[in-house]
Amino acid sequence: MAIPPSAYTGRFAPTPSGYLHFGSLLAAVASYLDARHHQGHWLVRIEDLDTPRNIPGASEHILRTLEAYGLHWDGEVVRQSERLVLYQDVIDHWLSTGQAYHCDCSRREIIAHDGVYPGTCRERQLPAASDHAVRVKVSPQELGFDDRLQGRFSQNLASSSGDFIVRRRDGIIAYQLAVVVDDIAQGVTDIVRGADLLDSTPRQLWLYRLLQQPAPRYLHVPLIMRHEGEKLSKRLGSTPLEPEQASATLHRALRILTPQPPAELGAAPVAEQLQWAIAHWQPQRLPAVRQILESTQG
Ligand code: GLU
278 MAIPPSAYTG
288 RFAPTPSGYL
298 HFGSLLAAVA
308 SYLDARHHQG
318 HWLVRIEDLD
328 TPRNIPGASE
338 HILRTLEAYG
348 LHWDGEVVRQ
358 SERLVLYQDV
368 IDHWLSTGQA
378 YHCDCSRREI
388 IAHDGVYPGT
398 CRERQLPAAS
408 DHAVRVKVSP
418 QELGFDDRLQ
428 GRFSQNLASS
438 SGDFIVRRRD
448 GIIAYQLAVV
458 VDDIAQGVTD
468 IVRGADLLDS
478 TPRQLWLYRL
488 LQQPAPRYLH
498 VPLIMRHEGE
508 KLSKRLGSTP
518 LEPEQASATL
528 HRALRILTPQ
538 PPAELGAAPV
548 AEQLQWAIAH
558 WQPQRLPAVR
568 QILESTQG
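In the working numbering, the protein residues as written are 278 to 575.
In structure tokens form, the structure reads like this:
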């Protein structure tokens with residue numbers, strides 16, 4: 278897909294529930310290369326709303342590691358924890374127009390419906406209460422998009438999630454809402470991220486529609502696993518990246534993301550490796566799958 282070079286803003290949006298590990302580095306490098314290949318802006322946003330899951334020091338480690346890997350961002354780092362009023366304003370608006378409603382259903386009741394919310398509270402008109410969740414109404418129609426790598430992807434939200442949560446019962450703003458509000462506010466045109474978020478995308482498209490804003494382009498890169506079923510994820514305790522290993526680890530990332538980087542590039546400084554990779558970035562050559570095994574050779 279041809280992208281006009283002047284009209285590109287991308288971002289990396291890590292959650293500080295863990296340190297930067299190899300799996301999240303791949304998402305960061307892919308979004309960075311795509312942005313710079315299109316002479317676009319590249320932003321960093323810390324998605325720190327789920328405060329019980331935040332790990333002290335993780336944001337600083339993530340930012341320090343990005344810099345050590347030569348992944349320099351444009352502008353100020355945005356932290357979602359400083360933007361709560363914005364999200365609440367959107368929720369209040371939807372509550373006032375009837376596009377969202379309060380819900381006191383327990384997780385257990387929803388699991389009983391295979392995780393698809395059956396709409397129990399839709400017409401109950403529950404009043405605001407601090408332990409009520411807020412859900413947005415969805416309509417029963419296919420919602421799809423053309424991912425730049427994965428192709429056409431669509432879901433009918435009524436049967437895949439049902440009316441979904443934008444503010445949790447514990448008062449925490451849901452990722453689905455915050456990510457859309459911020460990507461709109463920051464003028465993000467292109468989202469490059471891991472394919473674990475493919476299933477979230479139709480819900481996010483629905484929110485773009487409710488907010489009457491154009492959706493961005495998406496590119497979901499495969500997640501890397503070492504063995505069948507083992508994702509390189511912070512949740513599974515992957516090791517934090519060491520800034521001192523930047524050259525070798527970046528080369529390992531480029532071997533996965535770009536066509537055959539020259540072996541001697543592995544000893545080059547990160548800036549030189551990134552320059553090569555920006556020029557050779559061809560994401561359409563990545564496998565159009567959700568997960569790949571990292572080859573042990575090479
Ligand atoms: N904060 C999300 C995560 O770390 C990523 C959000 C996104 O790229 O849309 O999984």
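For each residue, glycine too, the CB sits at the ideal point set by N, CA and C. Since the structure is predicted, the reported quantities are computational estimates derived from the model, not experimental observations.
Within the DSSP secondary-structure output, Arg-412 pairs in a beta bridge with Tyr-378 and Ile-442. Burial state of Ile-442 is buried, judged by a 10 Å Cβ sphere holding 16 or more other Cβ atoms. With a contact defined as Cβ atoms closer than 8 Å, His-338 and Cys-380 miss out at about 36 Å. Between Arg-412 and Tyr-378, the gap from beta carbon to beta carbon is short of 8 Å. Asp-424 is positioned such that its CB atom lies closer than 8 Å to that of Leu-496. Contact between Val-547 and Gly-317 is absent: CB atoms are separated by about 20 Å, not below the 8 Å threshold. As computed with DSSP, Gly-464 is found in no beta bridge at all. Gly-471 has its alpha-carbon roughly 20 Å from the corresponding atom of Ala-335. Not one heavy atom of the ligand GLU is found less than 7 Å from the C-beta of Arg-486. Residue side-chain check: Thr-286 keeps its Cβ at 7 Å or more from all non-hydrogen atoms of the ligand GLU.
Shown here, Gln-559 sits in coil according to DSSP, grouped into three states, outside any helix or strand. In chain order, Pro-293, Ser-294 and Asp-325 place their CB closer than 7 Å to the CB of Asn-331, counting only its own chain and leaving out the 5 sequence neighbours on each side. Among the bridge pairs identified by DSSP, Ile-569 is matched with Ile-501. For the set Ile-368, Leu-363 and Gly-428, the Cα lying nearest the Cα of Leu-563 is the one of Gly-428.
For Leu-474, the Cβ falls inside the 7 Å cut-off from some heavy atom of the ligand GLU. Not one heavy atom of the ligand GLU is found less than 7 Å from the C-beta of Ile-450. Residue environment analysis places Asp-311 among the buried positions, since at least 16 neighbouring C-beta atoms fall within 10 angstroms of its C-beta.
In terms of Cβ geometry, Leu-434 and Leu-420 form a close pair [threshold 8 Å]. If you draw a 10 Å sphere on the C-beta of Pro-493, you find 16 or more other C-beta atoms in it, and that means buried. Below 8 Å, enough C-beta pairs join the segment 294-305 and the segment 521-531 to call them touching: three or more. Thr-286 sits in a strand when the DSSP states are folded into three classes. Per the C-alpha coordinates, the member of Ala-545, Trp-319 and Phe-430 positioned closest to Ala-565 is Phe-430. Relative to the ligand GLU, even the nearest heavy atom lies 7 Å or more away from the CB of Ala-462. Nearest Cα to Trp-350 within the set Pro-517, Ala-544, Ala-305 and Leu-474: Ala-305.
Distances from the alpha-carbon of Ile-449 to those of Trp-371, Leu-361 and Arg-322 put Leu-361 closest. Each residue's CA atom was taken as its position, placing Glu-571 and Ile-533 some 7 Å apart. Around the CB of Leu-403, fewer than 16 other CB atoms lie within 10 Å, so the residue is classed as exposed. Rounded to whole angstroms, Ala-405 and Pro-395 show a C-alpha spacing of 20 Å.
Considering only Leu-343, Thr-478 and His-314, the residue with the shortest C-alpha distance to Val-321 is Leu-343. Ala-530 and Leu-303 have their C-alpha atoms some 6 Å from each other.
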